[in-house]
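J.: Take a look at this one; I'll ask things after.
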Amino acid sequence: MLAVAFVATMSLVACSEEEVAEPNRLAAPEVDVVFRSESFDVTWKAVDGADGYVYSLNGAEEQTTTATSLKFEGLKYGSNNTLKIKAVDSSKAFADSEWKNVSLTLNTAFKLGEIELKVSNQTESSFVVSWNAAEGAEYYEVALATSSTIEIVNGLQKEFTGLAEGVYHVRVRPATSDADYAPAAWVSINAKTQESIADELAANSYLIEEAGAYVFAPFKGNSGEAVENIAGVGLLWQDTPGLITEAGLVDGKVRFVVAEGVYGNAVVYAYGAGGNEEILWSWHVWVPEQQVESLPMITGFNVMNMNLGATTAAAADVNAFGLCYQWGRKDPFTGSPTLSGTTATLAKPIYNIDGEEGEFGAVMTPQSVEFAIANPGTFISPYGVDYADWCSTSDDALWGNPDGNYRESGSLKYENLGEKSMYDPCPAGWRVPPIMAFSKFTSTGAAVMGNYASTAVADRNGDGVVDTNDYNCGYYMTLSGTTTTFFPAASRWYGAYAALYGSVVGHSGVYWSNSVYKSSIASQAESKQATACLNFMSPAYAGTCFVSAMGGGARSDASSVRCVADKE
-10 MLAVAFVATM SLVACSEEEV AEPNRLAAPE VDVVFRSESF DVTWKAVDGA
40 DGYVYSLNGA EEQTTTATSL KFEGLKYGSN NTLKIKAVDS SKAFADSEWK
90 NVSLTLNTAF KLGEIELKVS NQTESSFVVS WNAAEGAEYY EVALATSSTI
140 EIVNGLQKEF TGLAEGVYHV RVRPATSDAD YAPAAWVSIN AKTQESIADE
190 LAANSYLIEE AGAYVFAPFK GNSGEAVENI AGVGLLWQDT PGLITEAGLV
240 DGKVRFVVAE GVYGNAVVYA YGAGGNEEIL WSWHVWVPEQ QVESLPMITG
290 FNVMNMNLGA TTAAAADVNA FGLCYQWGRK DPFTGSPTLS GTTATLAKPI
340 YNIDGEEGEF GAVMTPQSVE FAIANPGTFI SPYGVDYADW CSTSDDALWG
390 NPDGNYRESG SLKYENLGEK SMYDPCPAGW RVPPIMAFSK FTSTGAAVMG
440 NYASTAVADR NGDGVVDTND YNCGYYMTLS GTTTTFFPAA SRWYGAYAAL
490 YGSVVGHSGV YWSNSVYKSS IASQAESKQA TACLNFMSPA YAGTCFVSAM
540 GGGARSDASS VRCVADKE
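In my numbering, the protein residues as written are -10 to 557.
As structure tokens, then:
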């Protein structure tokens, strides 16, 4: 392949000014140069009166030629080179010309096109890495980080087989035998064999920390009861386009693929022979960017450092809001897309596997648990009724603690902590907290207004005082000693109207417990409420400090969940 010519005025680093021939002196040659990665060509027009030329490269011994071109090969890419050349007349009728000096660096060689890598077809012992065609490439060099062997591949993909389960670092670069091209840089990707999630990690939510393909046995939450008669598996929604690239049924197991460098949430579902409208069960796939951690609390629990469904634990970051859950349901709804909102603010949009935007459904009358399971993307609203239940037959045990509201008289100790239920939305090893977990967020275990000293609100701005200035779209709460973590004011879905409560986004935080209690409101004396372990409002919204360790919220509302470790 021939290189494209660049005239000397474009490619020379430095050259002498044009010389005007003195009487009886030959004119200096005017040269053109063509660069390559390890060579260059020089050509010039014949100089009148000259019958030869003398030249020297990089100070080497002078040589002569009668041609009007030179080719220099075997040079090093990136090297600096200096050529000097003059015209001569062997008859001596004319004096030699001045030297023409040409300085150049071989750093403008042609570049091969760029490539992007993708991983697909993951199994327990293999995967395929593919790439686009790079302009100028004749072949591709491929290597695993675990091996020094470089393999030549003539196509646009490479299948790796016979692998142990794990993550592999794959390097690929385009290459050519044409010396006119500079060597291309390696492009890397982490490729993961398909991971089989152990049956003992069965849950309604799967916490995924690395891109790759995953399979799991289709159990109903942590119950050990298998979902039967599955005809197929699909993606119901994802809140980040491109997060899930595949979802299907393989050998009776649910399989999904998480893309590299994409974070967010998705819901995959199993359907029966009636088609993908007949949903048998569904599971949340949670892919946070920040690592989930366990933080100790003075109440003896260990709490997550972020909300369920959040991708970060950072303050004043909309990605810390996480997802919203109607009390007792296992399936989430998206939260606010902004740090503050208005009555017109809608929940974060959802997308199908092709990246097309969709929306949640809604039904405006209480429904059964079976309806909720079969319709995980439908918000259930007791239209127009506050402090009401989405469930047509209230069930205090949906999240595993039907007697969790009982405590010793005059004490903050709740005797019943409950157990993780089949409908608990937290990942394996975690569960919805009992009231007791957050009971010491206020000194009384109840609501505190106007007195930061009686709350667990932490001094985060470093001024030595806990006050309104420590609010930043939520509060940092002291868990124990100097350990703090951020609780964002993520707002909630208003159950009575099946919509995000947009006007209090950034001003109100509500966090479910697994417990319930009866309402004390006279008009709703017999209705049930879920108990929010934590409820707070911004100083601007409440007019003062307001933190409640056991405020009540309607079961039909969809609020935040902050999981605690399942085994205390």
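Glycine included, every Cβ here is placed at the ideal spot set by N, Cα and C.
1) With distances taken between CB atoms, is the gap from PRO477 to GLY491 smaller than 8 Å?
2) When the Cα of GLY470 is compared with those of GLY289, GLN111, SER185 and VAL536, which residue comes out closest?
3) Verify whether the separation of the beta carbon atoms of ALA236 and VAL257 is less than 8 Å.
4) Just checking, does the stretch 384 to 394 make contact with the stretch 285 to 305 on the three C-beta pairs under 8 Å criterion?
5) In three-state DSSP terms, what is ASN70?
6) Decide if HIS273 is buried, meaning its Cβ has at least 16 other Cβ atoms within 10 Å, or exposed.
7) PRO163 bridges to which residues according to DSSP?
8) According to DSSP, simplified to helix, strand and coil, what is TYR424?
9) Do three or more CB pairs link the stretch 374 to 381 to the stretch 330 to 346 at distances below 8 Å?
10) Spatial neighbours of THR327 within its chain, please: CB distance less than 7 Å, with the 5 preceding and 5 following residues excluded, ordered by chain position.
11) In the DSSP assignment, the beta strand (DSSP E) including ALA202 goes from what residue to what residue?
12) Taking just the CA atoms, how far does CYS522 sit from ALA426?
13) Is there contact here, the stretch 145 to 163 with the stretch 82 to 98, by at least three beta-carbon pairs under 8 Å?
14) Between the Cα of LEU616 and the Cα atoms of MET353, PHE24, PRO528 and ASN440, which residue gives the shortest distance?
15) Straight-line CA distance for VAL77 to GLN52?
16) Applying the 10 Å Cβ sphere with the 16-neighbour rule, what's the burial state of ASP228?
17) Name the DSSP beta bridge partners of CYS462, please?
18) Using DSSP with H/G/I as helix, E/B as strand and the rest coil, what is SER508?
19) Just to confirm, is the Cβ distance from PHE349 to GLY366 under 8 Å?
20) Considering Cα atoms alone, identify which of SER119, PHE525 and TRP501 is closest to ASP546.
21) Assign VAL(-7) to one of three DSSP states: helix, strand, or coil.
22) Determine, using beta carbons only, whether VAL421 and ASN503 come nearer to each other than 8 Å.
23) Does the Cβ-Cβ distance between ARG396 and GLU404 come in under 8 Å?
24) Report yes if the CB atom of GLY344 is closer than 8 Å to the CB atom of PRO528, and no otherwise.
25) Find out if the Cβ-Cβ distance for the pair SER177, VAL204 is shorter than 8 Å.
26) Between ALA262 and ILE369, what straight-line distance do the alpha-carbon atoms span, to the nearest angstrom?
27) To the nearest angstrom, how far is it from the Cα of PRO285 to the Cα of THR472?
28) Pop quiz: ARG551 and ALA519 are said to be a contact at Cβ under 8 Å. What is the actual Cβ separation, rounded to whole angstroms?
29) Any idea what DSSP makes of ALA531, helix, strand or coil?
30) For SER497, which residues of its own chain have a beta-carbon under 6 Å away from its beta-carbon, when the five flanking residues on both sides are left out?
31) Are GLY484 and ASP384 close, meaning C-beta to C-beta below 8 Å?
32) Considering only the beta carbon of each residue, do VAL161 and ILE219 sit closer than 8 Å?
33) For LEU101, tell me which candidate among TYR170, ALA35, SER68 and GLU62 has the shortest Cα-Cα distance.
34) When the Cα atoms are used, what is the spatial distance from THR444 to ALA305?
35) Write down the C-beta distance between SER166 and GLU127 rounded to the nearest angstrom, noting that I regard them as a contact closer than 8 Å.
36) For ALA487, which residues from the same chain have a beta carbon less than 6 Å from its beta carbon, with the 5 sequence-adjacent residues on both sides left out?
T.: Taking the geometry as given:
1) In the sequence shown, counting from the first residue as 1, residue 477 sits at position 488. In the sequence shown, counting from the first residue as 1, residue 491 sits at position 502. Cβ atoms of PRO477 and GLY491: not closer than 8 Å.
2) Here residue 470 refers to the residue found at position 481 of the sequence shown. A check of alpha carbon separations from GLY470 across GLY289, GLN111, SER185 and VAL536 identifies GLY289 as the nearest.
3) Counting from one through the sequence shown, the residue named residue 236 turns up at place 247. Counting from one through the sequence shown, the residue named residue 257 turns up at place 268. With respect to the 8 Å criterion, ALA236 and VAL257 are classified as neighbours on the basis of their beta carbons.
4) Here the stretch 384 to 394 makes no contact with the stretch 285 to 305; the two share fewer than three CB pairs at distances below 8 Å.
5) Numbered from 1 along the sequence shown, position 81 holds the residue referred to as residue 70. ASN70 falls in the strand class under three-state DSSP.
6) The residue labelled residue 273 in the question sits at position 284 within the sequence shown. Classification for HIS273: buried.
7) Position 174 of the sequence shown, counted from the start, is the residue given in the question as residue 163. Answer by DSSP bridge pairing, in chain order: TYR129.
8) The sequence position of residue 424 within the sequence shown is 435, counting from 1. One detail in the question is off: residue 424 reads as Ile in this sequence, not Tyr. Three-state result, ILE424: helix.
9) Look at the beta carbons and you see the stretch 374 to 381 not touching the stretch 330 to 346: under three pairs across the two are nearer than 8 Å.
10) Locating residue 327 in the sequence shown gives position 338, counting from the first residue. Apart from the 5 residues on each side of it in sequence, THR327 sits with its Cβ closer than 7 Å to the Cβ of VAL307, THR334 and VAL494 in its chain, given in chain order.
11) Counted from its first residue, the sequence shown places residue 202 at position 213. Element bounds for ALA202: 201 to 205.
12) Stepping through the sequence shown from its first residue, residue 426 is reached at position 437. Stepping through the sequence shown from its first residue, residue 522 is reached at position 533. Here the alpha carbons of CYS522 and ALA426 stand approximately 8 Å from one another.
13) Here the stretch 145 to 163 makes no contact with the stretch 82 to 98; the two share fewer than three CB pairs at distances below 8 Å.
14) Lying before the first or after the last residue shown, residue 616 is absent from the chain, which here runs from -10 to 557.
15) Your numbering for residue 77 matches position 88 in the sequence shown. Your numbering for residue 52 matches position 63 in the sequence shown. If you draw a straight line from the Cα of VAL77 to the Cα of GLN52, it is about 12 Å long.
16) For the purposes of this step, residue 228 is taken as the residue at position 239 of the sequence shown. So ASP228 counts as buried.
17) To locate residue 462, count along the sequence shown from 1; it is residue 473. In DSSP, CYS462 forms no bridge with anything.
18) The sequence position of residue 508 within the sequence shown is 519, counting from 1. Low confidence applies here, because SER508 scores a pLDDT of 48, under 50, leaving its location unreliable; read the following figure in that light. Residue state, collapsed to three classes: coil.
19) Numbered from 1 along the sequence shown, position 360 holds the residue referred to as residue 349. Numbered from 1 along the sequence shown, position 377 holds the residue referred to as residue 366. Yes, the pair counts as a contact, with Cβ atoms nearer than the cut-off.
20) The residue labelled residue 546 in the question sits at position 557 within the sequence shown. For the residues SER119, PHE525 and TRP501, the minimum Cα distance to ASP546 belongs to TRP501.
21) One-based indexing of the sequence shown puts residue -7 at position 4. A caution first: VAL(-7) carries a pLDDT of 29, below 50, which makes its placement in the model too unreliable to give a value.
22) Taking the sequence shown and counting its residues from 1, the one referred to as residue 421 is at position 432. Taking the sequence shown and counting its residues from 1, the one referred to as residue 503 is at position 514. The answer is yes: Cβ separation under 8 Å.
23) In the sequence shown, the residue the question calls residue 396 occupies position 407. In the sequence shown, the residue the question calls residue 404 occupies position 415. It is a contact, given that the beta carbons lie within the stated cut-off.
24) The residue given as residue 344 occupies position 355 in the sequence shown. The residue given as residue 528 occupies position 539 in the sequence shown. No, the pair does not count as a contact, with Cβ atoms beyond the cut-off.
25) If you number the sequence shown from 1, residue 177 lands on position 188. If you number the sequence shown from 1, residue 204 lands on position 215. At the C-beta level, SER177 and VAL204 stay beyond 8 Å of one another.
26) By 1-based counting over the sequence shown, the position of residue 262 is 273. By 1-based counting over the sequence shown, the position of residue 369 is 380. Between ALA262 and ILE369, the C-alpha separation is close to 26 Å.
27) Counting from 1 along the sequence shown, the entry for residue 285 is found at position 296. Counting from 1 along the sequence shown, the entry for residue 472 is found at position 483. Straight through space, the alpha carbons of THR472 and PRO285 are spaced by roughly 8 Å.
28) Locating residue 551 in the sequence shown gives position 562, counting from the first residue. Locating residue 519 in the sequence shown gives position 530, counting from the first residue. The beta-carbon distance between ARG551 and ALA519, rounded to whole angstroms, is 14 Å. This is too long to meet the 8 Å contact definition.
29) In the sequence shown, residue 531 corresponds to position 542, counting from 1. Assignment of ALA531 by DSSP, reduced to helix, strand and coil, places it in the helix class.
30) By one-based count along the sequence shown, residue 497 stands at place 508. Apart from sequence neighbours up to five positions away, the residues of its chain that approach SER497 with a beta-carbon distance below 6 Å are ALA478, SER480 and MET526, ordered along the chain.
31) As a position in the sequence shown, residue 484 is number 495, starting the count at 1. As a position in the sequence shown, residue 384 is number 395, starting the count at 1. No, these two residues do not count as a Cβ contact at 8 Å.
32) Counted from its first residue, the sequence shown places residue 161 at position 172. Counted from its first residue, the sequence shown places residue 219 at position 230. Between VAL161 and ILE219, the gap from beta carbon to beta carbon reaches 8 Å or more.
33) Here residue 101 is taken as the residue at index 112 of the sequence shown, counted from 1. Nearest option by C-alpha distance: TYR170.
34) Sequence index remark: in the sequence shown, residue 444 carries index 455 (1-based). Sequence index remark: in the sequence shown, residue 305 carries index 316 (1-based). Approximately 21 Å, taken between the alpha carbons.
35) Position 177 of the sequence shown holds residue 166. Position 138 of the sequence shown holds residue 127. At roughly 6 Å, the Cβ-Cβ gap stays under 8 Å, so SER166 and GLU127 are in contact.
36) Indexing the sequence shown from 1 puts residue 487 at position 498. Only residues of its own chain outside the window of five on either side were considered, and among them ALA351, PHE368 and SER370 have a CB closer than 6 Å to the CB of ALA487, listed in chain order.
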